[in-house]
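Chemist:
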Amino acid sequence: MTRNLDTYYRDHWAEVESDRMERYQAMFQWRDSHEVLIAPADIDIAQVVADYGCGPGALSIELARRVGESGKVFALDINREFLEQTQMLAEREGFAQRLEAKLMADDRIPTADRSLDRVVCKNVLEYVPDPEVTIREFHRVLKPGGIAHVIDSDWGAIVLEPLGERFTRIMSAASVAFRTPLIGRKLYGLFRQAGFQDIRVQVLAGADTTGGMRAVLRNMASYARVSGQLEEAELEAFVADVDRAVDEQTYLALLPQFLVTGHA
Ligand SMILES: C[S@@+](CC[C@H](N)C(=O)[O-])C[C@H]1O[C@@H](n2cnc3c(N)ncnc32)[C@H](O)[C@@H]1O
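Numbering follows our numbering, in which position 127 of the sequence shown is assigned residue number 115; successive positions increment by one, without gaps.
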């Protein structure tokens, strides 16, 4: 298949191939450990909230639970299948009235100025065409005093032992899948430029010693494959050696999450 590497950062989300879609069903579940990630968003009954880049919808459903019957969640994404999955989940939970899944056609959030109480955005901004424009959009759609809460990785801060040096080559090739791979460290400045007040930054990093991040690492190998920069044998050996390190209990991975919260 011929791919345009200049737009791959977006295209690989607009159309997700089936094996990756299966991994996402498992990866993007709501877990109790996510509580700490969204706590700064201060979600409450009756709020109007956008989940920007909702994926298969687990976080949107959790937000819908928290805003209650009198609240509203807009689940926004560029992938139609994710939006359908999110809407189906909402129906299954009895939340159809309070959740609306909307396709993002471009950078503009399809809602009026000063209309939302919260914008929550988890692991999305490294893929948008221009994070400065998107964070200004968050500011535009929030009511005065409303909160934007972004949770994101910084792919330059990932640690993987004992495969560190080899992983650097994989990540370098995999960066074709990101628009802004170092987004985590840039968020604070971008929030400031967009006019947010009372900005808080936290960085959380739990060590994975059991292989929980293997699906993420497999995705990095598949992105690196698309770049055409590395031989297939190197990619296969990398995936096999991660599995071996987990079995031999020498594996340790860290992917710090930057949590940035600001008031409009
Ligand atoms: C890593 S997933 C995160 C999904 C979800 N937020 C979560 O944490 O479970 C990234 C999501 O961002 C979406 N996305 C990518 N580019 C986007 C854009 N320009 N606007 C809105 N969503 C986008 C993708 O389709 C995908 O659902």
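Quick reminder that beta carbons are idealized off the backbone N, C-alpha and C, glycines included.
1. Confirm the yes/no value for this check: CB of Gly43, any heavy atom of ligand 1, distance under 7 Å.
2. How is the alpha helix (DSSP H) around Thr156 delimited, first residue to last?
3. State yes or no: is the C-beta of Pro119 within less than 8 Å of the C-beta of Thr168?
4. Going by the beta-carbon positions, is the gap between Ile158 and Leu243 smaller than 8 Å?
5. Extract the residue ranges of the beta strand (DSSP E) inside the segment 91 to 156, only unbroken runs of 3 or more that lie entirely within it.
6. Tell me, which residues are paired with Tyr40 by DSSP?
7. Write down the C-beta distance between Leu218 and Ala225 rounded to the nearest angstrom, noting that I regard them as a contact closer than 8 Å.
8. Taking C-alpha atoms, which residue in Phe179, Leu178, Gln181 and Phe166 lies nearest to Asn111?
9. Buried or exposed: which applies to Arg27, given that a residue is buried once 16 or more other Cβ atoms fall within 10 Å of its Cβ?
10. Would Ala14 and Ala203 qualify as a contact pair, given that the criterion is a beta-carbon distance under 8 Å?
11. Give me the Cα-Cα distance between Leu51 and Glu23, rounded to the nearest whole angstrom.
12. Residues in the same chain with beta-carbon distance under 7 Å from Ala209, minus the five sequence neighbours each way, listed in chain order, please.
Modeler: Quick answer:
1. yes
2. Gly152 to Ala162
3. yes
4. no
5. 104 to 110, 130 to 141 and 147 to 149
6. Leu64
7. Going by Cβ atoms, the distance from Leu218 to Ala225 rounds to 10 Å, so no, they are not a contact pair.
8. Phe166
9. Position check: residue 27 holds Ala in this sequence, whereas Arg was assumed. That one is exposed.
10. yes
11. 11 Å
12. Ile158, Leu223, Phe226 and Val227
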